[in-house]
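For the protein sequence lines, the chains are G and B, in the order given. The opening residue of the first sequence carries number 0 in numbering that gives the first Met the number 0; numbering runs sequentially from there. The opening residue of the second sequence carries number 0 in numbering that gives the first Met the number 0; numbering runs sequentially from there. By construction, the Cβ of each residue, glycine as well, lies at the ideal position given by its N, Cα and C atoms.
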Amino acid sequence: MRSSNARTLFEKVWADHIVRPETTDTPAILYIDLHLIHEVTTPQAFTLLRSQGLKLRRPDLTLGTMDHSTPTTPVGSLQDIAVVAEGAAQQVAQMEANCREFGLELHGFDSLHRGIVHVIGPELGATQPGKTIVCGDSHTSTHGAFGALAFGIGTTEVGHVMATQCLLQRKPKTLQIEVRGNLARGVTAKDVILAIIGQIGVDGGTGHVIEYRGNTISAMDMDQRMTVCNMSIEAGARAGMIAPDDTTFEFLHGRPRAPQGADWERALERWRCLPSDSDAQFDKTVTVDASALQPMVTFGTNPGMVVGVNEPVPNRSDAGFRKALEYMQIPAGKPLTESAVDVVFVGSCTNSRLSDLQQAADVLRGRHVAKGVRMLVVPGSQQIKADAEAIGLDEVFRAAGAEWRESGCSMCLGMNGDTVAPGHLSVSTSNRNFEGRQGKGARTVLASPMTAAASAIVGRVADPRPFL
Amino acid sequence: MDPIRQITSRTVVLPVADVDTDQIIPARFLTTTSKDGLGKHLFADWRYQASGEPNPGFALNQPQAQGCRVLVADRNFGCGSSREHAPWALLDYGIAVVISSEFADIFRSNSLKNGLLPVLVEQDVLDWLLNNPGVEVSIDIASSTLLLPDGRSVEYPIDDFARYCLLEGVDQLGFLLKHAADINQFEENRSWTP
Chain G
0 MRSSNARTLF
10 EKVWADHIVR
20 PETTDTPAIL
30 YIDLHLIHEV
40 TTPQAFTLLR
50 SQGLKLRRPD
60 LTLGTMDHST
70 PTTPVGSLQD
80 IAVVAEGAAQ
90 QVAQMEANCR
100 EFGLELHGFD
110 SLHRGIVHVI
120 GPELGATQPG
130 KTIVCGDSHT
140 STHGAFGALA
150 FGIGTTEVGH
160 VMATQCLLQR
170 KPKTLQIEVR
180 GNLARGVTAK
190 DVILAIIGQI
200 GVDGGTGHVI
210 EYRGNTISAM
220 DMDQRMTVCN
230 MSIEAGARAG
240 MIAPDDTTFE
250 FLHGRPRAPQ
260 GADWERALER
270 WRCLPSDSDA
280 QFDKTVTVDA
290 SALQPMVTFG
300 TNPGMVVGVN
310 EPVPNRSDAG
320 FRKALEYMQI
330 PAGKPLTESA
340 VDVVFVGSCT
350 NSRLSDLQQA
360 ADVLRGRHVA
370 KGVRMLVVPG
380 SQQIKADAEA
390 IGLDEVFRAA
400 GAEWRESGCS
410 MCLGMNGDTV
420 APGHLSVSTS
430 NRNFEGRQGK
440 GARTVLASPM
450 TAAASAIVGR
460 VADPRPFL
Chain B
0 MDPIRQITSR
10 TVVLPVADVD
20 TDQIIPARFL
30 TTTSKDGLGK
40 HLFADWRYQA
50 SGEPNPGFAL
60 NQPQAQGCRV
70 LVADRNFGCG
80 SSREHAPWAL
90 LDYGIAVVIS
100 SEFADIFRSN
110 SLKNGLLPVL
120 VEQDVLDWLL
130 NNPGVEVSID
140 IASSTLLLPD
150 GRSVEYPIDD
160 FARYCLLEGV
170 DQLGFLLKHA
180 ADINQFEENR
190 SWTP
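Here it is, written out as structure tokens:
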């Protein structure tokens with residue numbers, strides 16, 4: 000029988016942050032432990048603060064960087080920005096000015112920790128189990144890999160958190176996704192999450208917070224768990240979460256913003272109580288057999304339109320499906336391995352961590368990018384860039400004919416000038432294959448770093464397994 | 000935010016499911032530092048041809064769509080990026096209401112905070128609206144009802160607080176700021192510091 004106080008991981012974190020409980024008339028006031036900010040979704044929020052004469056309530060719980068609009072060519076200072084777009088340069092300048100005016104920590108061009116906001120939070124140890132974390136970016140769900148409740152918000156809410164450190168929220172429902180089985184060689188966390196979205200649909204998680212469970216998830220390292228949680232929003236979920244365990248604690252131990260000494264021991268004690276109780280109830284349950292998975296690729300214009308790399312693209316007659324295939328210029332009934340590739344992008348908050356780069360490099364080592372293919376490798380942070388260079392990954396990429404760049408969001412959404420030309424086909428480790436996402440008219444195939452690297456070598460969408 | 004009580008308009012129909020915020024406003028228009036003027040980029044890649052001329056086949060470019068304040072879209076409208084620029088662009092263009100059978104969570108929240116009303120209807124009502132473009136509909140905020148031209152009155156779900164904010168033009172930040180004492184107390188009472 001269910002004990003009355005059995006709770007899920009989500010429910011525990013939620014309950015710990017209620018400033019005022021919700022009623023029929025009003026949403027809950029939820030306290031936020033970490034607010035991550037970047038240059039695209041904050042300017043209007045700072046303007047709001049200024050116009051109302053408000054201060055930033057907790058600069059100490061706010062962490063800023065620049066990632067969306069920043070160039071991936073070396074930049075020493077703002078003055079050096081080769082202006083990609085006038086607006087982008089202005090946005091970056093305004094971010095620096097805003098952070099200075101409101102007195103908050105910004106990892107700008109002079110910081111070793113500049114990078115994608117969802118990469119540097121964990122890297123600095125600011126992302127911790129049991130925290131509430133928000134950011135004006137939907138991929139904030141990434142931080143749920145640590146057992147935090149982390150979700151994307153809009154700019155108005157960014158202003159709310161800046162001024163009050165709180166948000167007005169209705170409690171979402173819970174969905175557990177039980178992933179079981181050992182992953183076959185060449186199959187990664189990216190393939191798992193693409194398969195999940197294919198199974199439940201791009202709105203399968205709407206209104207819910209997902210908890211990923213099962214032995215496949217427990218066996219993953221933190222980089223892989225972040226990849227899974229990162230794409231929770233692509234299934235429509237508010238957030239994705241994974242129970243913290245020794246893998247989580249080992250990752251965090253000793254990081255600059257993680258608790259130290261006696262504080263670390265106290266934190267561990269608290270964190271170990273967070274996992275869902277064995278008899279906790281979820282609103283919905285989905286089960287996934289991961290042992291049967293192969294490398295996955297998307298063929299359409301949302302992440303739920305996905306098949307195994309060697310499987311034929313399915314055929315459906317509904318208008319949306321036809322429109323997607325027409326945009327992608329991909330025929331139904333044939334596998335994607337027949338499609339020629341123009342661009343390969345390894346990067347984004349989904350797959351730009353050291354192990355992602357390592358996997359791509361392992362496929363590329365001693366081989367060369369096919370003639371006519373442009374391959375861009377963009378590390379998630381300047382720290383990852385340095386770490387990759389320390390073990391010679393940059394040399395592997397350069398020798399293979401790929402471009403090795405500075406950190407940032409880059410070609411995931413093409414705000415910084417790194418774009419895919421109209422009509423060109425890109426195999427990308429990012430999270431969205433929406434029409435025009437990587438540039439107007441660009442055609443995007445989402446895949447793992449290994450699949451992306453294999454596709455670069457072959458010049459067509461390719462199964463990475465023969466290269467392992 | 001101005002109070003909103005009633006909206007009456009003909010509908011413009013976009014019979015596409017899973018419309019993401021990258022379509023509502025593509026990323027290259029996000030370099031703005033203010034909320035204004037985004038309407039001209041609304042649905043930019045669908046609305047304009049490569050030459051920059053309006054695409055005559057796109058719903059918003061139809062002569063009968065001019066001045067319509069109610070957009071009808073197929074299910075899962077507003078998925079993808081959390082960019083509030085999406086509702087800002089819709090509002091700046093002149094859209095006040097979006098009707099669909101499903102909205103993405105963040106888009107729905109962003110919309111309500113700006114006075115753009117997401118009206119959630121059952122699939123049969125949506126199908127009727129999708130099949131009958133250009134009809135005049137009326138939305139009454141106080142009673143949360145959508146009035147169809149055949150006289151049907153359809154109640155739509157909305158959070159009580161969100162409805163109150165629309166009707167009164169309430170600024171949610173003001174509401175939060177009024178609870179500063181509660182927030183102080185929460186910070187003092189909690190046993191651990193983030």
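At a cut-off of 8 Å between beta-carbon atoms, threonine 10 of chain B makes no contact with chain G.
Setting aside the 5 residues that flank it on each side, asparagine 181 of chain G is surrounded in the same chain by Ser290, each with a C-beta closer than 7 Å to its C-beta; the list follows chain order.
Between arginine 113 of chain G and proline 258 of chain G, the alpha-carbon positions lie close to 22 Å from each other. A straight line joining the alpha-carbon of phenylalanine 42 of chain B with that of alanine 88 of chain B spans about 9 Å. Setting aside the 5 residues that flank it on each side, glycine 422 of chain G is surrounded in the same chain by Gly440, each with a C-beta closer than 6 Å to its C-beta; the list follows chain order. Short of 7 Å from the beta carbon of phenylalanine 433 of chain G, and not among the five residues preceding or following it, lie these beta carbons of its own chain, in chain order: Thr300 and Asn301.
Three or more pairs of CB atoms, one per stretch, sit closer than 8 Å, so the stretch 26 to 42 of chain B contacts the stretch 71 to 87 of chain B. Nearest to cysteine 165 of chain G by alpha-carbon distance, out of G:Lys322, G:Ile115, G:Thr349 and G:Trp13, is G:Trp13.
Considering only beta carbons, the part of the stretch 26 to 40 of chain G lying closer than 8 Å to chain B consists of Pro26, Ile28, Tyr30, Asp32, Leu33, Val39 and Thr40, in chain order.
Per the Cβ contact rule, the stretch 196 to 203 of chain G is in contact with the stretch 68 to 79 of chain B (3 or more Cβ pairs under 8 Å).
In the assembly as shown, asparagine 214 of chain G is an exposed residue. Its beta-carbon has fewer than 16 other beta-carbons within 10 Å. Secondary structure note for threonine 131 of chain G: it is in no alpha helix (DSSP H), and the uninterrupted beta strand (DSSP E) holding it is 131 to 134. Between the alpha carbons of valine 376 of chain G and threonine 349 of chain G lies a gap of roughly 13 Å.
Here glutamate 210 of chain G is buried: its Cβ has 16 or more other Cβ atoms, across all protein chains shown, within 10 Å. CA-CA distance, leucine 292 of chain G to aspartate 190 of chain G, rounds to 8 Å. If you draw a 10 Å sphere on the C-beta of asparagine 229 of chain G, you find 16 or more other C-beta atoms in it, and that means buried.
Contact of serine 137 of chain G with chain B by beta-carbon distance below 8 Å involves Gly79, Ser80, Ser81 and Ile105. In the three-state DSSP reduction, methionine 161 of chain G falls in the helix class (H, G or I).
Chain G places a beta carbon closer than 8 Å to that of tryptophan 191 of chain B, counting this residue as a contact. Taking each of G:Leu412, G:Arg442 and G:Ser406 in turn and checking the Cα distance to valine 74 of chain G, the smallest one comes out for G:Ser406. With the criterion set as a beta carbon lying under 7 Å from some beta carbon of chain G, the members of the stretch 83 to 103 of chain B are Glu83, Glu101 and Ala103, in sequence order. Contact between valine 12 of chain B and leucine 128 of chain B is confirmed by a C-beta separation of about 7 Å, below the 8 Å threshold. A contact is defined here as three or more CB-CB pairs under 8 Å, and the stretch 327 to 336 of chain G fails this definition with respect to the stretch 355 to 368 of chain G.
Judged by DSSP secondary structure, glycine 239 of chain G falls within the beta strand (DSSP E) whose first and last residues are 238 to 240.
Judged by DSSP in its simplified three-state form, tryptophan 87 of chain B adopts helix. With 16 or more other Cβ atoms from the protein chains shown falling within 10 Å of its own Cβ, leucine 105 of chain G counts as buried. Straight-line measurement puts the Cα of aspartate 282 of chain G at about 18 Å from the Cα of glutamine 198 of chain G. Counting only unbroken stretches of 4 or more residues, the alpha helix (DSSP H) elements lying wholly within the stretch 342 to 373 of chain G are 353 to 363, in sequence order. Under a criterion of Cβ atoms nearer than 8 Å, the residues of chain B adjacent to alanine 87 of chain G are, in order, Thr30. Sequence-distant partners of threonine 187 of chain G (beyond 5 residues in either direction) whose C-beta falls short of 6 Å from its own C-beta, in its chain, are Ser447. With a 10 Å radius around the Cβ and a threshold of 16 neighbouring Cβ atoms, glycine 168 of chain B comes out exposed. In this structure, glutamine 381 of chain G lies away from glycine 413 of chain G, with their beta-carbon atoms at least 8 Å apart. Taking 8 Å as the threshold, the shortest C-beta distance from leucine 412 of chain G to chain B falls below it. Apart from sequence neighbours up to five positions away, the residues of its chain that approach asparagine 109 of chain B with a beta-carbon distance below 6 Å are Glu83 and Pro86, ordered along the chain. Within the model, the alpha-carbon separation for aspartate 462 of chain G versus isoleucine 192 of chain G is close to 17 Å. Counting only residues of its own chain and dropping the five nearest sequence neighbours on each side, arginine 56 of chain G has a CB closer than 8 Å to the CB of Met161, Ala162, Thr163 and Gln164.
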